[in-house]
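Each protein sequence line maps, in turn, to chains L and U.
Using full-length UniProt numbering, the first residue of the first sequence is number 1, and each one after it goes up by one.
Using full-length UniProt numbering, the first residue of the second sequence is number 1, and each one after it goes up by one.
Everything below concerns the one structure shown next.
Protein chains: 2
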Amino acid sequence: MGAEQARSAKRADARRNEKALLDAAAAVFVTDGVDAPVRKIAAEAGVGMGTIYRHFPTRADLVIAVYRHQVDACAEAGPALLASAESPFAALREWVNLFAEFLVTKHGLANASRSDPDGFAALHGLFLERLVPVLGDILTAARESGELTADIAPYQLLRAIGDICAGAERDDPDYDARLTLRLLLDGCRA
Amino acid sequence: MGAEQARSAKRADARRNEKALLDAAAAVFVTDGVDAPVRKIAAEAGVGMGTIYRHFPTRADLVIAVYRHQVDACAEAGPALLASAESPFAALREWVNLFAEFLVTKHGLANASRSDPDGFAALHGLFLERLVPVLGDILTAARESGELTADIAPYQLLRAIGDICAGAERDDPDYDARLTLRLLLDGCRA
DNA sequence: GAATATACGGAGCAACGTTCCGGTTGGCAA
DNA sequence: TTGCCAACCGGAACGTTGCTCCGTATATTC
């Protein structure tokens, strides 16, 4: 309720700038990571610094706005995989890979989280809110099918994946986050 | 060779300041993390900013100097555990816990690594140089005893542990890095 | 077309990393 | 002991960043 109204209550230029900022941020995040200087994002969008802070008071607000629909896509893939995969555990594997791929492409995401406590909390909240229930369903299904034996909470597994992928951001030919994830999943059914 | 000589070739005040800096940094790192402002460390040591940069050109140099003997202790514990534990795999478990404990107590260590590429490389180098061989021996022993089946390189495992613990720095009652590590190790012998 | 609320831009402040150089001092030779 | 010089010290100064604040511009409404 009211969301639509609130949005149309905004001035046209404000809406335009918000979109420009979102596009600019997405572009800059790819090249410079989410720690990119605020000035650079503002310049890329062709707006002043005040504008960026008015629309997104916190850096986390901007990051969340940029990635929200990607997180949504990840969340929606959960039930789909559960329906299409050979077994619930296979679905778990695939979903974990999907989530990992998303994380790895987000340069320096973990970095921003750690350097700014508020940002961490916000990002954390978004991920948890959307993904914990999804992963929870997959884990329950895998447990009921008898493939999953480890007593691990969705939150715990989600964080483990996040941490493992956070460290794998930089290109290192000798380190393969997927292998670590595979071993971790193996450990969950041992 | 010559290390002793090189050290005594330094002037007395230089040696004194280096020690003061080391002590100050160790103290400040505990409270503020390894990202603590340079000025604060200098002030704590009672020296100027120039002094800190002369002795430790890079932040990583300082961090390494502070933690080097702790890393050494970790490295030396490897053979000891291998000799005392019930089995090589048990030694692996214990050594991983030891290393994890060391990492978790170093607030923001991963943080500094990521924010400064040079620092990352230096720290990385120290860890690899000292710990990869040690972990390699343990893994080989565990593999020969038949307990370890996964084909995982020491470097790969070391990084996985590092990443998992790096994310577990802040106190979160709902997340237990040890559980993740246990599952990962289980996966290595499945 | 005028009035008003809303949004914009960028100057300005504080905090930080890092460099640089004039002043100081420890150690050695005479 | 004294004097000299290389080594060392301190902190001012510069560039970059995050964030705030307010005079100006403009979209919307009547």
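Just so it is clear, CB atoms sit at the ideal spot from N, CA and C, and this is done for glycine as well.
Exposed or buried, which one is alanine 42 of chain L when buried takes at least 16 other CB atoms within 10 Å?
Buried.
Leucine 123 of chain U touches chain L at which residues, Cβ-Cβ below 9 angstroms?
The premise fails here: leucine 123 of chain U is roughly 13 angstroms from chain L at the closest Cβ pair, so nothing lies under 9 angstroms.
Using the Cα positions of leucine 135 of chain L and lysine 19 of chain U, report the straight-line distance between them to the nearest angstrom.
In a straight line, the C-alpha of leucine 135 of chain L is about 51 angstroms away from that of lysine 19 of chain U.
Proximity below 9 angstroms, CB of arginine 159 of chain U to CB of tyrosine 175 of chain L:
It is a contact, given that the beta carbons lie within the stated cut-off.
Can you grab the Cα-Cα spacing for the pair alanine 190 of chain L / threonine 51 of chain L, in whole Å?
53 angstroms
Please list the segments of the alpha helix (DSSP H) lying wholly inside the UniProt domain "HTH tetR-type" (15-74) of chain L, counting only runs of 4 or more residues, in order along the chain.
38-45, 49-55
Local conformation of glycine 76 of chain U per DSSP, three classes:
The amino acid occupying residue 76 of chain U in the given sequence is glutamate; glycine does not appear at that position. Looking at glutamate 76 of chain U - three-state DSSP - the assignment turns out to be helix.
Contact criterion: CB-CB distance below 9 angstroms. Does glycine 162 of chain U meet it with respect to chain L?
yes
Checking contacts by CB at 9 angstroms: is residue 198 of chain U closer than that to chain L?
Nothing can be reported for residue 198 of chain U, as the shown portion of chain U is limited to 1 through 190.
What is the rounded straight-line gap between the Cα of leucine 183 of chain U and the Cα of leucine 185 of chain L?
8 angstroms
For the alpha helix (DSSP H) that contains proline 88 of chain U, what are its first and last residues?
88-105
Under 9 angstroms between beta-carbons, which chain L residues line up against tyrosine 67 of chain U? List them in chain order, please.
The premise fails here: tyrosine 67 of chain U is roughly 18 angstroms from chain L at the closest Cβ pair, so nothing lies under 9 angstroms.
Can you tell me the Cα-Cα spacing of glycine 167 of chain U and alanine 75 of chain L, whole angstroms?
22 angstroms
Cβ of alanine 12 of chain U less than 9 angstroms from any chain L Cβ?
no
If we count Cβ pairs, one from each stretch, closer than 8 angstroms, do we get three or more for the region 25-33 of chain U versus the region 86-103 of chain U?
no
Apply the 10 Å Cβ neighbour rule to threonine 105 of chain U and answer buried if 16 or more other Cβ atoms are within range, or exposed otherwise.
exposed
At 7 angstroms on the CB atoms, spell out the chain U contacts of glycine 167 of chain L, in chain order.
Arg159, Gly162, Asp163, Ala166
Residues near leucine 103 of chain L by beta carbon distance below 8 angstroms, same chain, minus five either side
Leu109, Ile161, Gly162, Cys165, Ala166
Do alanine 25 of chain L and alanine 45 of chain L have their CB atoms nearer than 9 angstroms?
yes
Contacts of aspartate 186 of chain U in chain L (Cβ-Cβ under 7 angstroms)
Gly187, Ala190
To which residues of the same chain is valine 66 of chain U closer than 8 angstroms at the C-beta, ignoring the five residues directly before and after it?
Residues of the same chain with a CB within less than 8 angstroms of the CB of valine 66 of chain U, apart from the 5 flanking positions on each side, are Leu22, Ala25, Ala26, Phe29 in chain order.
Residues in the same chain with beta-carbon distance under 7 angstroms from alanine 77 of chain L, minus the five sequence neighbours each way, listed in chain order, please.
Trp95, Leu98
Report back the beta-carbon spacing between alanine 122 of chain L and alanine 60 of chain L to the nearest angstrom; my notes put them in contact at under 8 angstroms.
4 angstroms
Quick one: using the 10 Å Cβ neighbour count with 16 as the cut-off for buried, is glycine 125 of chain U buried or exposed?
exposed
Measuring alpha carbon to alpha carbon, tell me which of L/Arg93, L/His69, L/Asp35 ends up nearest threonine 58 of chain L.
L/Asp35
Starting from residue 191 of chain U, find everything on chain L with Cβ-Cβ shorter than 7 angstroms and list it in chain order.
Nothing can be reported for residue 191 of chain U: it is not among the residues displayed for chain U, which extend from 1 to 190.
Buried/exposed call for glycine 187 of chain L, threshold 16 Cβ in 10 Å:
buried
Using a C-beta to C-beta distance shorter than 8 angstroms, which residues of chain L count as neighbours of isoleucine 152 of chain U?
Leu179, Leu183
Measuring alpha carbon to alpha carbon, tell me which of L/Arg68, L/Val38, L/His55 ends up nearest arginine 11 of chain L.
L/His55
In chain order, what residues of the same chain have a beta carbon less than 8 angstroms from the beta carbon of serine 145 of chain U, not counting five sequence neighbours either side?
Ser87, Pro88, Phe89
How would you call arginine 39 of chain L, buried or exposed, if buried means at least 16 neighbouring beta carbons within 10 angstroms?
Result: exposed.
Quick check on DSSP: helix, strand or coil for alanine 168 of chain L?
coil
Consult DSSP for alanine 3 of chain L and reduce its assignment to one of helix, strand or coil.
Because alanine 3 of chain L sits at a pLDDT of 37, beneath the cut-off of 50, its placement in the model cannot be relied upon, and the following sentence gives the value as read from the coordinates. In this structure, alanine 3 of chain L counts as helix in the three-state DSSP scheme.
Nearest to alanine 85 of chain U (by Cα), restricted to the options U/Tyr155, U/Ala142, U/Ala153, U/Pro37:
U/Ala142
Counted within 10 angstroms of its Cβ, other Cβ atoms place glutamine 70 of chain U as buried (16 or more) or exposed
Counting Cβ neighbours within 10 Å, glutamine 70 of chain U comes out exposed, since fewer than 16 surround it.
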